[in-house]
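The structure under discussion appears below in the form of structure tokens.
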Amino acid sequence: MADRPKIIAILNTNQEVLDLVRESLQQAGYATVVAHIDDLKRGRLDMIQFVEEHKPDVIVYDVAPPYDTNWTFLRLMRNSKVMQGRAFVVTTTNKRALEELIGPNDVIELLCKPYDLQQLVEACTSAMEKQVAAKTA
């Protein structure tokens, strides 16, 4: 089990962003799996089966407009049994708009600039390290 690659699931509504984030994380040495949030929300992709099959260590979830419904979907996902013990890194393209809805948060504003992508990789690495520390504590 220790030799298993660290897996990050990328959940987004935009294929180009999925590809950019996937490439950045793979260059950092992570294995990645991707899913479209709309496919999860509409039931075209079974979230429980996806997580059980891929066993991601970290999940990168993008909160897109409409922020209220997509934030609610994230909260529902996080509270599901299959997500327990998994780290989340949350992104959005408009942090200010999301903060107006939910208040100050540690969401990463992702505009797909090199700095944003590096910040995302660092956040995933940090989430992975915290998860490993929690499991060994």
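Numbering-wise (our numbering), the sequence shown opens with residue 128 and increments by one.
Ideal placement from N, C-alpha and C gives every residue a C-beta, glycine not left out.
CB-CB length for residue i against residue j, believed under 8 Å
i: Glu179; j: Val148; result: With 8 Å as the limit, Glu179 and Val148 do not qualify as a contact, their Cβ atoms being about 22 Å apart.
i: Leu237; j: Thr252; result: Not quite, the Cβ-Cβ distance comes to about 16 Å (not below 8 Å), so this is no contact.
i: Ala158; j: Lys182; result: In fact, because the Cβ distance is near 10 Å, the residues do not count as touching under 8 Å.
i: Val160; j: Cys239; result: That pair is no contact at about 19 Å.
i: Ile235; j: Asp184; result: Contact flag wrong, Cβ pair sits at about 18 Å.
Simplified DSSP state of residue i, which is helix, strand or coil
i: Ala250; result: helix
i: Leu238; result: coil
i: Thr220; result: coil
i: Ala264; result: coil
i: Met128; result: Only weak support is given to the placement of Met128: the predicted model assigns it a pLDDT of 46, under 50, and the value that follows is read from those uncertain coordinates. DSSP places Met128 in coil when its eight states are reduced to three.
i: Ser151; result: helix
i: Asp173; result: coil
Whole-angstrom distance between residue j and residue i, CA atom to CA atom
i: Ile137; j: Ile186; result: 6 Å
i: Asn206; j: Asp146; result: 27 Å
i: Leu201; j: Gly230; result: 16 Å
i: Lys222; j: Gly212; result: 26 Å
i: Asp195; j: Met204; result: 14 Å
i: Ile164; j: Gln153; result: 20 Å
Bridge-paired residues (DSSP) for residue i
i: Tyr275; result: Lying before the first or after the last residue shown, residue 275 is absent from the chain, which here runs from 128 to 264.
i: Thr159; result: Ile135
Are three or more beta carbon pairs between the segment 188-196 and the segment 170-177 nearer than 8 Å? no
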